[in-house]
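Heads up: the protein sequence lines correspond to chains P and D, in order. Using our numbering, the first residue of the first sequence is number 472, and each one after it goes up by one. Using our numbering, the first residue of the second sequence is number 1068, and each one after it goes up by one. The structure appears right after this line, and notes come after that.
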Amino acid sequence: MPIIVDRDKCTGCETCISVCPFDAIKIRDDGKAFINEYCQACMACLSACPEGAIIEIKEEGAPISYQPSDYKGVWVFAEQREGSIAHVSLELLGAGRKLADELKTELSAVLFGATEKDANELIKWEADKVYHSGNAIFEKFNDEPYSRLLVNLIKEHKPSIVLAGATPIGRSFIPRVAARLRTGLTADCTSLAIDKDTGNLLQVRPAFGGNIMATILCPNHRPQIATVRPRVMKRGEYNPEKRGEIVPVNTGNLTSRTRVIETIKEASGCKVNLQEADIIVAGGRGLGDVKGFNLLFELAEVLGGTVGASRAAVDEGWIQYSHQVGQTGKTVCPKIYIACGISGAVQHLVGMQSSDIIIAINKNPEAPIFNVATYGIVGDLYEALPLLIKKLKEAKG
Amino acid sequence: MNIVVCIKQVPDSAEVRINPETNTLIRDGVPTIINPYDMHAIEAGLQIKEMTKGKVTVITMGPPQAESALREAISMGSDDAVLLSDRAFAGADTWATAFTISKAIAKIGADIIICGKQAIDGDTAQVGPEMAEFLDIPHIAYIRKIEDIKPDSIKVQRMMDEGYDIVESSLPVLLTVVKELNQPRLPSLKGKMSAKKAEIKKLGDKELEIDEKDTGLKGSPTQVKNIFAPEARSERKILAGNIEEQVNQLAEELKQLKCL
């Protein structure tokens, strides 16, 4: 263990217990602090201890398992669904371009399925190179062929960084890739940067439902792999003049023990996809009734937006799960998010707090949603919304 | 059918917060619970057990006090419980955690392994699929319905962004489940009695024959560099007056933003 308690110095003051994010410190029967298995070596307790009784034992971490100079380049796994490129892939190319420029290296996309024309589009979205396989096995998503081929490509070409979308697909098969390559994987990153001194990737992600942010490193293994939530990074520049190389990938003999029998789309009842929408009008328990959503749909219609919901409203059965925003629903990043009757539990906030402008309408002036709101209206939404709809309709003429 | 359910004891995340002034964690009296998604995994295991006359083993890795989570799972109807607890396991990231638990599952033997889709403290959703890779078996993530189970195959509904897929897999398989799958049952009185008496099997790194360099902090490719409180939003415009006046101001602002 790298963090231990100097039992001679420990006074049992319990200061360390309150600073530990991982609940890893307990006072034992002898009145001394003890660090248990939950310790993540985050070092938060070291500076907190007034006695200097918590110390770090310098111990070698995992030995460096690679030749640093062998690993070069930034890769983006470009996800396609039903043959069309997912929006998150373009966001990752935007983020990957910046990282590659800073490292003075190449940005490559990896595309399984779709067509060479799509691969060409990825180049215009700033990729220098696209590894593409149009093999029919990738038409539907199965974890084994996806992970097997990506592992093979990484072993052959040795990228330093690999980024993928934190989507149902990325979050499902990328862990297999990291497990097989014996390297680190950081989930759901919200920001990525290069450490100026070491060149390592600094991966920032929320933990404990967004109450804490943590910076994660993968210093001794390559590649450094991260998944990034959709709508967190900004899309890159589209350059129709950009030229690059498409590298056809030989898939070899891929097999899958899972098989997709059928893909069923569920109509969301909205013209606009929640994660693509510029304006979202969302409702929570404060609507009090399924009928409240009629008002929200009307407002969304006027604004040309779409309708979201908190988990409470979905649990009440007022609206389908596909509208849910938050930790267990979708992360959204619209230009304007209008929260109606949503109190703002952290699980909801993590799904929408990076929206450009947040408008909150709530009866309770103490509701936490007002802490993140750009504009707040304290009052009855059944009074405010019809007025707002009327005003906006007038303004539209 | 041998069913193994992986669970994790977690702090009730909604109650953990950072004090923005001191940058320290406020966690006074934060209770620990079985990770909510794992409750649905336990329920799924019990339902499959009842359908196939199988056996459910729950397994967790954590400090000795994680035993209480295992006893709770037994009170719901699980048959056996295994605790992986060892100082050598401390500080494990998802790679080292998945590696360690998969070694234990390989020892126990399983036809179906079930995990919650993610734990609410880390939210990574990585340990399940990583274990499947270590065990060299297929996995299906985000299961919302089990349609059919045969002695050598399973058919399920997998949640996707715009709907769901119906997916078939051979057994053994690892599944990660979402809350839409089922409603976890409450412990029975008989269950509570057996939970009290149940013997919890404890395994450490010696029993699992894991090299020190592949577990705990030493076996973890990722490291936590630092933690900090999320930034608060700064720009804020207060609307004043009665409801009508507030709405008028808001409509004005929306017009300014050219969103009409």
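Note that the Cβ used here is the ideal one computed from N, Cα and C, for glycine as well.
On the three-state DSSP scale, how would you describe C516 of chain P? helix
With a threshold of 8 Å between beta carbons, is D479 of chain P in contact with chain D? no
At a cut of 8 Å, does the segment 1165–1183 of chain D reach the segment 1123–1136 of chain D through at least three beta carbon pairs? yes
Go ahead and pull the three-state DSSP assignment for M704 of chain P. coil
Compare the Cα-Cα distances from T722 of chain P to each of P:I687, P:G567, P:E615 and report the closest residue. P:E615
Taking only runs of the beta strand (DSSP E) that begin and end inside the segment 630–658 of chain P, which ones reach a length of at least 3 residues, in chain order? 632–636
So what does DSSP say about F870 of chain P, is it helix, strand or coil? Any property of residue 870 of chain P remains undetermined from this structure, which presents chain P solely from 472 to 868.
Nearest candidate by alpha-carbon position, reference G1308 of chain D, set P:P646, P:G800, P:I751, P:A855: P:A855
When you check each C-beta in the segment 643–656 of chain P against every C-beta of chain D, which residues fall closer than 9 Å? S643, F644, I645, P646, R647, V648, A649, A650, R651, R653, T654, G655, L656
Counting Cβ pairs, one atom from each stretch, are 3 or more of them under 8 Å apart for the segment 560–574 of chain P and the segment 687–704 of chain P? yes
Using beta carbons (cut-off 8 Å, strictly below), is L582 of chain P in contact with chain D? no
Is the segment 768–786 of chain P close to the segment 1273–1290 of chain D, with three or more CB pairs under 8 Å? no
Can you find the residues in the same chain that come closer than 7 Å, C-beta to C-beta, to I1216 of chain D, ignoring five residues on each side of it along the sequence? I1115, M1118, T1119
Examine chain P for any beta-carbon lying closer than 8 Å to the beta-carbon of K1075 of chain D, and answer yes or no. no
I want to see whether chain D comes within less than 8 Å of H692 of chain P, judged by CB atoms only; does it? yes
With DSSP as the reference, please indicate the residues paired to E733 of chain P in a beta bridge. D:I1233
Restricting to Cα atoms, I'd like to know which of P:G523, P:D599, P:Q798 is closest to P420 of chain P. Nothing about residue 420 of chain P can be reported from this structure: the residues present for chain P run from 472 to 868 only.
Could you give the DSSP three-state label for M1329 of chain D: helix, strand or coil? Absent from the structure is residue 1329 of chain D, since the part of chain D shown begins at 1068 and ends at 1327.
Please say whether A495 of chain P and C481 of chain P have beta carbons closer to each other than 8 Å? no
Give the interface partners of R1237 of chain D over in chain P, defined as CB-CB distance under 7 Å, in chain order. Note that residue 1237 of chain D is Ser in the sequence shown, not Arg. Per Cβ cutoff of 7 Å: R728.
Return the chain-ordered ranges of every beta strand (DSSP E) run that is complete within the segment 1087–1151 of chain D and spans a minimum of 3 residues. 1091–1093, 1099–1101, 1122–1128, 1147–1151
Looking at the structure shown, is V1194 of chain D part of a helix, part of a strand, or coil, going by DSSP? helix
State buried or exposed for S540 of chain P, treating a residue as buried only when at least 16 other CB atoms are found within 10 Å of its CB. exposed
In the segment 785–801 of chain P, which residues sit with their C-beta less than 9 Å from some C-beta in chain D, listed in chain order? Y792, S793, Q798, T799, K801
Cβ-based contacts, 9 Å cut-off: residues of the segment 1216–1228 of chain D near chain P: K1222, Q1224, R1225, M1226, M1227, D1228
Taking 8 Å as the CB-CB limit, is D500 of chain P close to chain D? no
Can you check the segment 1198–1271 of chain D for any alpha helix (DSSP H) of at least 4 residues that lies completely inside it and give the ranges in chain order? 1256–1264
Please list, in chain order, all residues of the same chain as S826 of chain P whose beta carbon is under 8 Å from its beta carbon, the five residues on each side excluded. I751, V803, C804, P805, K806, I807, Y808
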